[in-house]
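Here is the structure we will look at.
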């Protein structure tokens with residue numbers, strides 16, 4: 003997590019090349035978790051990053067309000083992150099949404115400590131960040147501040163659909179004895195790689211939960227609303243590689259010509275791929291919708 007908080011981390015590159023979240027999934031969250039006609043709805047986004055999830059959420063809130071599906075008079079939204087760099091990027095992306103309907107607040111804050119800035123929350127979101135959180139502290143915090151729903155989700159280890167031979171190359175490069183294997187913050191990466199399995203089991207003991215896994219390699223979760231795909235050129239995928247926290251650590255201690263994306267490119271070249279070739283990728287994903295009270 004410290005890599006994303008580093009003042010040298012390129013949040014704009016992160017925003018450009020990271021996957022986005024499907025509107026179908028965000029719409030599902032709204033329909034299931036947001037009160038339809040409450041005067042004032044409070045939403046907190048933990049680990050907001052550059053505002054990826056919130057921008058889609060707010061677009062859909064505005065659309066559903068306009069067509070009468072939502073009759074809420076005001077949404078108070080908190081975008082929180084431990085990284086000042088990310089919060090500054092989120093401000094650039096999200097500040098335009100401020101209106102009579104939408105009020106956005108920004109805070110540098112730990113996800114397990116949002117009770118220090120807000121209370122009476124209807125919905126807490128946590129996209130691609132649950133692996134950084136202390137689960138016991140997080141649960142205690144949710145019980146304090148949230149009287150509605152906690153929704154967290156994540157994605158990891160994209161599966162190369164059209165080039166299955168690349169999946170083993172990816173694993174060999176990214177994990178264990180591969181170039182990036184020792185550069186991940188642990189246990190965070192292993193938690194994410196497991197699709198939050200232990201966290202999910204803990205949540206199930208505390209709350210009523212809907213938990214859905216998606217693995218395109220095995221066909222698990224075909225009906226999941228959270229299907230994250232990338233249809234990108236090799237060139238853009240290599241830029242995505244350099245947004246990984248492990249790549250940031252690797253690149254900081256190596257020469258520019260040895261950066262992670264370029265090393266990954268050498269592997270692609272062995273399989274006859276050039277920068278203009280297209281990659282069809284689907285992520286392994288998981289989401290949990292927990293009813294707090």
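Numbering (our numbering), first residue to last: 3 to 295.
Note that CB positions come from ideal geometry on N, CA and C, so glycine has one too.
- For residue 40, there is no enclosing beta strand (DSSP E), as DSSP marks it with neither H nor E.
- In this structure residue 82 is buried. Its beta-carbon is surrounded by 16 or more other beta-carbon atoms within 10 angstroms.
- Between the beta-carbon of residue 181 and that of residue 175 there is about 6 Å, and that keeps the pair under the 8 Å contact cut.
- For the options 46, 224, 122, the alpha carbon positioned closest to that of residue 295 is the one of 122.
- In the DSSP assignment, residue 200 falls within the alpha helix (DSSP H) that extends over 199 to 208.
- According to the DSSP secondary-structure assignment, residue 46 is paired through a beta bridge with 80, 126.
- Between residue 238 and residue 23, the C-beta spacing is not below 8 Å.
- The three-state reading of DSSP puts residue 287 in strand, counting E and B together.
- The C-beta distance from residue 59 to residue 28 rounds to 5 Å, short enough to fall under 8 Å.
- Taken through DSSP and simplified to helix, strand or coil, residue 176 comes out as helix.
- DSSP places residue 109 in the strand class (E or B) of the three-state scheme.
- Taking the C-beta atoms as reference points, residue 190 is found nearer than 8 Å to residue 134.
- Remark: C-beta atoms of residue 110 and residue 80 do not approach each other more closely than 8 Å.
- Scanning its chain for C-beta atoms nearer than 8 Å, with the 5 sequence neighbours on each side dropped, one finds around residue 73 the residues 38, 39, 67, in chain order.
- With contacts defined as CB atoms closer than 8 Å, residue 284 and residue 160 qualify as a contacting pair.
- Per the coordinates, the alpha-carbon of residue 263 lies some 42 Å from the alpha-carbon of residue 103.
- Per DSSP, reduced to three states, the secondary structure at residue 253 is helical.
- Note on geometry: alpha-carbon atoms of residue 185 and residue 124 lie some 37 Å from one another.
- The three-state reading of DSSP puts residue 91 in helix, counting H, G and I together.
- Taking all protein chains shown into account, residue 228 has 16 or more neighbouring C-beta atoms within 10 Å of its C-beta and is therefore buried.
- Nearest neighbour of residue 202 by Cα position, chosen from 52, 234, 140, turns out to be 140.
- Within the same chain, 126, 152, 294 come within 7 Å of residue 144 by CB-CB distance, once the 5 residues on both sides are set aside.
- Rounded to whole angstroms, residue 31 and residue 55 show a C-alpha spacing of 11 Å.
- Each residue's CA atom was taken as its position, placing residue 84 and residue 15 some 18 Å apart.
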